[in-house]
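So the structure is just underneath, and the comments pick up after that.
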Amino acid sequence: MASSPMSTWTLRLPADLARQLMTHLFPGDGDEHGAVIGATVVQTDRGSRLLARRLYLARDGIDYVAGQRGYRMLTPTFVRDRVLQCRNEGLAYLAVHCHGGTTSVGFSPADLASHERGYPALRDILGDGVVGGLVFTPQAVAGDLWLPGEGRVELDHALVASWPLHAMRAAPLPAPTTDLTYDRQSRLFGDRGQAILAGQKVGVIGVGGAGSLIVEYLARLGVGHLVIIDPDRIDRTNLPRVVGSRLSDARPWLTDPARPELLRALGTRLATPKVRVSRRVARQANPKIKIETLQDDVTRDDVALRLIDCDYLFLAADSMQARLVFNALVHQYLIPGVQVGAKVQVSRDGSVTDIFSVVRPVAPGFGCLWCNQLVNPAKLQEEALTAEQLRRQRYVQDENVHAPSVISLNAVAVAHAVDDYLLRVTGLLPVTYEPRWREFHPAAPAPLDRVRSQIPRKEEDCSECSDAGRLGLGTRRRLPTRS
Amino acid sequence: MTSTVEQATQVGAGHQVTITVNTKAVTVTGPRLTGLQIKEAAIAQGVQIELDFLLSEELPSGETRIVGDADEVTVNKHSKFTAVAGDDNS
Ligand SMILES: [Zn+2]
Ligand SMILES: [Zn+2]
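See the structure below:
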């Protein structure tokens, strides 16, 4: 896709990269410092995203020296080596420096003259790639982007994918208008928070017991745009836990056990898709909400690609394939997300051995499902088999016995996951917030075992979440999907 | 800064060769030219650089070598150069 100057340009930074950059730019000496960011470019219907993948810090006095036309400059050799590295990796080149000030920032005439002088050459070297300059204060950023051809645009905002999710702009946005519908909740996070929610596009993968609750909560909170993915249709055993499902959705007059098998099969085929039930629920909560429904599997290429411009992802489908795709989306496209689930484990003799709900927030650069061994290669392989192969391989287990599932266990995980999301996007979390994975074991005998915190591990060279792997690669790498 | 493209063609031994500067094709009279002559030829042929940009040759090994204004280099049709400015901030 060609870059369009009409498109809104944003920059996403993984938390680690942003922390290194801000520490370098603002060491407390009040002076100017410089760096270069190499970023993947992703074009979507909602705008163009720069995904920060490489950070090159300019050493003071060596790479960042007294300027010839301005106060300081990135040396030509530093510029040359960085632009060649960006070219070799197919990345956009963004030169960075800092200014004094706090909540607003802009380029100086000397800065802009330097862009005019040097950036056409850099754009040529990149082979018509994107070249730009960024100027930061601790709370603001402005960007001057030179697009292939003649286009030149300002950066709309940068988002640090941390806790909280921190959006930085050239100047604070004007206060949005009040919507009285949300009066009670916006007393918590303000009209600004409410406007942020209205501007969000959130993906929900799986709308069964947990996912249907997520959709209801997000719609009632006032999230503006949902993408809902689930291949299944309602059957009568879903009624106790799929929010908004009605007996009629399961076509009981056809699927009643007394009916001939042919009619029952027809009824199953005609039952309401789960995504349609979710859409009904979301529309009732908010008639203005924008909803895309995909009655399909997220492990398919074209389905997963519908999620790449989301602001947040909820994974509420429990297959290894779905975990793998979700995990890749988070790191490759720098979209924070969370996995939720609830499990009742039953032993062979039928007794309950464990009951728990789990919430695993996943953010670019903050551990991942893969390096925490939550994507099981053996199960992945098993899922890749055809239904017939699977039946043969699983002869010891009875595939017709479904795992137990209960709405209140799902609700525990979902409420925590949506809380995390809400507090993160509306800026209510302290910058010192320490994220954790959480498990809730309501039946654990010892009180301290009922809520457990886990620090996820992170492998330095993980193929999924490190910058030696998918981190920030965007469309430059295929997702682990089927075509 | 008094060199011109005409002078460049006099210094060379006479045959035309197309090199690349910032990925743009630039025709020069080779095989031997100075750094300044390469930049002059590039500017004359529309490459968006200035005479005081830093010129480097991109070697097949992946390394780069700075070519000073007075340095002479031997070019052929595979020769690749970059020319960049420092990025001045204030
Ligand atoms: Zn990982
Ligand atoms: Zn400046």
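Going down the list, the sequences are from chains A and B. Here the numbering used here is used: the first sequence runs in plain steps of one and ends on residue 472. Here the numbering used here is used: the second sequence runs in plain steps of one and ends on residue 109. Using N, Cα and C, we set each Cβ at its ideal position, and we do this for glycine too.
Using beta carbons (cut-off 8 Å, strictly below), is residue i in contact with chain A?
i: N95/B; result: no
i: K99/B; result: no
i: L73/B; result: yes
i: I57/B; result: no
i: Q67/B; result: yes
i: L53/B; result: For the record, residue 53/B in the displayed sequence is Thr; it is not Leu. Judged by the 8 Å Cβ criterion, T53/B is not in contact with chain A.
i: V103/B; result: yes
i: S80/B; result: no
i: L88/B; result: Checking the displayed sequence, the identity of residue 88/B turns out to be Asp instead of Leu. With 8 Å as the cut-off, D88/B does not count as an interface residue toward chain A.
i: T46/B; result: no
i: T37/B; result: no
Any heavy atom of ligand 2 closer than 7 Å to the Cβ of residue i?
i: F96/A; result: yes
i: D100/A; result: yes
i: H88/A; result: yes
i: V124/A; result: yes
I'd like to know if residue i contacts chain B, where contact means its C-beta is closer than 8 Å to some C-beta of that chain.
i: Q174/A; result: no
i: M309/A; result: no
i: Y60/A; result: yes
i: V30/A; result: no
i: P65/A; result: yes
i: G27/A; result: no
i: L83/A; result: no
i: V193/A; result: no
i: G107/A; result: yes
i: R38/A; result: no
i: R272/A; result: no
i: L0/A; result: no
i: R69/A; result: yes
i: L73/A; result: yes
Can you list, in chain order, the residues of its chain with a C-beta nearer than 8 Å to that of residue i? Leave out the 5 residues immediately preceding and following it.
i: C357/A; result: N316, V319, H320, V351, P445, K447, C451, E453, C454
i: E78/A; result: G27, R42, R43
i: G107/A; result: V68
i: Q9/A; result: L44, L46
i: V231/A; result: V196, G197, G198, S201, I223, K263, V266
Using a Cβ-Cβ cutoff of less than 6 Å, which residues in the same chain neighbour residue i once the five nearest sequence positions on both sides are dropped?
i: R158/A; result: H146
i: F125/A; result: L14, C87
i: V348/A; result: V329, A402, H405, A406, R427
i: E388/A; result: Residue confidence for E388/A is low, a pLDDT of 48 falling below 50, so the modelled location carries little weight; the figure read from the coordinates is stated next. Excluding sequence neighbours, E388/A sits near nothing in its chain.
i: T(-3)/A; result: G36, D145
i: H214/A; result: K190, K279
Hey, would you say the C-beta of residue i is under 7 Å away from at least one heavy atom of ligand 4?
i: N108/B; result: Ligand 4 is absent from the structure shown, which contains only ligand 1 and ligand 2.
Under 7 Å: does the beta carbon of residue i sit that close to some heavy atom of ligand 1?
i: E448/A; result: yes
i: W359/A; result: yes
i: E21/A; result: no
i: C299/A; result: no
i: C454/A; result: yes
i: C490/A; result: Not covered by the structure: residue 490/A. The range shown for chain A is -10 to 472.
Which same chain residues, not among the five before or five after residue i, have their C-beta less than 7 Å away from its C-beta?
i: A150/A; result: R1, L2, P3, A4, L323, P325, A352, P353
i: D285/A; result: I218, P220, V292
i: T170/A; result: none
- request: Name, going along the chain, the residues of the segment 85 to 105 of chain A whose beta-carbon falls closer than 7 Å to a beta-carbon of chain B.
  value: Those residues of the segment 85 to 105 of chain A that come within reach of chain B (Cβ to Cβ, closer than 7 Å) are H86, S97, A99, D100, S103.
query: Quick one, which residues of the segment 110 to 143 of chain A are near chain B if we go by CB-CB under 9 Å, in chain order?
result: Within the segment 110 to 143 of chain A, those residues whose Cβ lies closer than 9 Å to any Cβ of chain B are, in chain order, A110, L111, R112, D113, I114, L115, G116, D117, G122, V124.
field: Unbroken stretches of the beta strand (DSSP E), 3 residues or longer, contained in the segment 32 to 77 of chain A
entry: Listed in chain order, they are 36 to 46, 53 to 55, 61 to 63.
- prompt: Taking a cut of 7 Å between CB atoms, which residues from the segment 42 to 57 of chain A lie near chain B?
  reply: For the segment 42 to 57 of chain A, which is checked against every Cβ of chain B, the residues closer than 7 Å are G56, Q57.
message: Short of 9 Å Cβ to Cβ, which residues in the segment 436 to 467 of chain A face chain B?
response: Taking 9 Å as the cut-off between beta carbons, none of the residues of the segment 436 to 467 of chain A comes near chain B.
field: Every unbroken beta strand (DSSP E) inside the segment 300 to 371 of chain A [3 residues or more]
entry: Scanning the segment 300 to 371 of chain A from its first residue to its last, the whole beta strand (DSSP E) runs of 3-plus residues come out as 301 to 304, 326 to 335, 341 to 351.
Whole alpha helix (DSSP H) elements within the segment 79 to 138 of chain A, 4-residue minimum: The segment 79 to 138 of chain A is shown to contain whole alpha helix (DSSP H) runs of 4 or more residues at 98 to 114, in chain order.
message: Against chain C, which members of the segment 14 to 25 of chain A pass a CB distance test of less than 8 Å?
response: Absence of chain C from the displayed structure is noted, the protein chains being A and B.
message: Please give the ranges of any beta strand (DSSP E) in the segment 154 to 237 of chain A, keeping only runs that are unbroken, at least 3 residues long and fully inside the region.
response: Those beta strand (DSSP E) runs which fall completely within the segment 154 to 237 of chain A and span 3+ residues are 155 to 157, 190 to 194, 214 to 218.
task: Quick one: which unbroken beta strand (DSSP E) runs of 3-plus residues sit fully inside the segment 28 to 102 of chain B? Chain order, please.
output: At a cut-off of 3 residues, the continuous stretches assigned as beta strand (DSSP E) that sit fully inside the segment 28 to 102 of chain B are 34 to 40, 43 to 49, 51 to 53, 73 to 77, 83 to 85, 91 to 93.
field: Residues from the segment 215 to 238 of chain A in contact with chain B, defined by Cβ distance under 9 Å
entry: Within the segment 215 to 238 of chain A, no residue qualifies.
- prompt: What beta strand (DSSP E) runs, 3 residues minimum, are completely inside the segment 242 to 285 of chain A?
  reply: With a minimum length of 3 residues, the continuous beta strand (DSSP E) runs that stay inside the segment 242 to 285 of chain A are 279 to 283.
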